[in-house]
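Numbering (full-length UniProt numbering), first residue to last: 1 to 245.
Single-structure report; data block below.
What follows is the structure in structure tokens.
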């Protein structure tokens with residue numbers, strides 16, 4: 001009986017030792033997981049056969065930004081025009097192309113208008129500032145009495161230096177991206193006191209997409225495939241701006 005009791009005692013000691021070891025390992029793993037937080041973990045096998053713990057950084061851009069787009073003019077305000085070609089229709093078409101493209105990239109897009117209606121400038125500013133947006137871009141078409149003027153220009157404005165460098169940076173990126181297709185001429189960026197840029201409290205810019213009064217630009221504006229490429233280029237500029245550190 002004493003031998004049997006001794007065996008049972010020895011077995012119990014071994015059993016409880018194993019239990020303690022298992023709980024100890026679980027506690028260590030739990031501590032490591034708390035230290036690592038939400039970072040993804042990759043287990044790799046080293047040259048000597050041992051497990052190697054590697055972590056990968058979380059992309060800070062995984063959380064997508066909200067982008068606000070404005071189609072210039074609308075309703076009774078045709079904007080600039082040439083015969084039956086109206087700025088208000090061109091801008092709405094481009095904004096909808098951009099909206100579709102940006103949504104396909106996972107971004108949230110807010111339009112100041114999505115149909116042919118006139119939104120007062122102060123109301124546009126209110127909608128922009130109430131949108132929780134990260135960036136605001138307004139799309140327009142240019143015109144001038146001299147038919148030789150052509151090309152794309154991007155406007156920015158800062159009130160007493162507010163977000164000046166961010167607005168300049170956004171305008172520069174948009175201008176460079178906008179002219180990448182279809183041989184558009186770049187007319188650079190320009191500071192101009194535009195109401196919707198003045199009202200906006202987030203980084204913003206206004207892209208003048210060619211001159212409707214120029215034959216070459218107007219021919220481009222009449223082609224849907226050109227408008228789509230231009231819209232995507234502007235969208236790529238927005239994305240590029242947002243992804244900058």
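Where is the CB? At the ideal position from N, CA and C, for every residue including glycine.
My output table needs one value for residue 236: the three-state DSSP class, helix, strand or coil.
For the purposes of this step, residue 236 is taken as the residue at position 236 of the chain shown. Residue 236: helix per DSSP, three-state reduction.
By Cβ distance, which residues of its chain are closer than 6 Å to residue 237, with the 5 residues on each side in sequence left out?
Residue mapping note: residue 237 aligns to position 237 of the chain shown, counting from 1. Counting only residues of its own chain and dropping the five nearest sequence neighbours on each side, residue 237 has a CB closer than 6 Å to the CB of 173, 174 and 177.
Thinking C-alpha only, which one of 167, 227 and 195 is nearest residue 203?
The count along the chain shown starts at 1 and reaches residue 203 at position 203. The residue with the shortest Cα to Cα distance from residue 203 is 167.
Quick one: what does DSSP say residue 251 is sitting in, helix, strand or coil?
No statement about residue 251 is possible, as the shown extent of the chain runs from 1 to 245 and does not include it.
Quick check on the DSSP output: the alpha helix (DSSP H) that includes residue 248 runs from which residue to which?
Examination of residue 248 is not possible in this model, given that the chain is present from 1 through 245 alone.
Smallest Cα separation from residue 130: which of 240, 215 and 199?
Translated into the one-based positions of the chain shown, residue 130 becomes position 130. Out of 240, 215 and 199, 199 has the C-alpha closest to the C-alpha of residue 130.
To which residues of the same chain is residue 210 closer than 8 Å at the C-beta, ignoring the five residues directly before and after it?
Within the chain shown, residue 210 is the residue found at index 210, counting from 1. Taken in chain order, the residues that qualify are 141, 142, 150, 151, 152, 184, 217, 218, 220 and 221.
Inter-residue spacing [alpha-carbon to alpha-carbon] between residue 123 and residue 148:
For the purposes of this step, residue 123 is identified with residue 123 of the chain shown, where counting begins at 1. For the purposes of this step, residue 148 is identified with residue 148 of the chain shown, where counting begins at 1. Distance between residue 123 and residue 148, taken at the CA atoms: about 35 Å.
For the putative contact between residue 170 and residue 241, defined by C-beta atoms under 8 Å, what is the C-beta separation to the nearest angstrom?
For this step, residue 170 is matched to residue 170 along the chain shown. For this step, residue 241 is matched to residue 241 along the chain shown. Sure, about 5 Å apart at Cβ, within 8 Å.
Distance check for residue 69 and residue 137, CA to CA, integer angstroms please.
Taking the first residue of the chain shown as position 1, residue 137 is located at position 137. Taking the first residue of the chain shown as position 1, residue 69 is located at position 69. Each residue's Cα considered, the two are about 5 Å apart.
Going along the chain, which unbroken runs of the beta strand (DSSP E) with 3 or more residues stay wholly within the UniProt domain "MurNAc-LAA" (122 to 239)?
135 to 142, 152 to 156, 186 to 191 and 204 to 211
In whole angstroms, what is the alpha-carbon distance linking residue 121 and residue 226?
The count along the chain shown starts at 1 and reaches residue 121 at position 121. The count along the chain shown starts at 1 and reaches residue 226 at position 226. Taking the straight line from one Cα to the other gives about 28 Å.
Whose CA, out of 193, 163, 93 and 128, lies closest to the CA of residue 155?
Translated into positions along the chain shown, residue 155 becomes position 155. Residue 193 is the option with its Cα nearest to residue 155.
Could you tell me which residues DSSP pairs with residue 77 in its beta bridges?
Position 77 of the chain shown, counting from 1, holds the residue named residue 77. Paired residues: 74.
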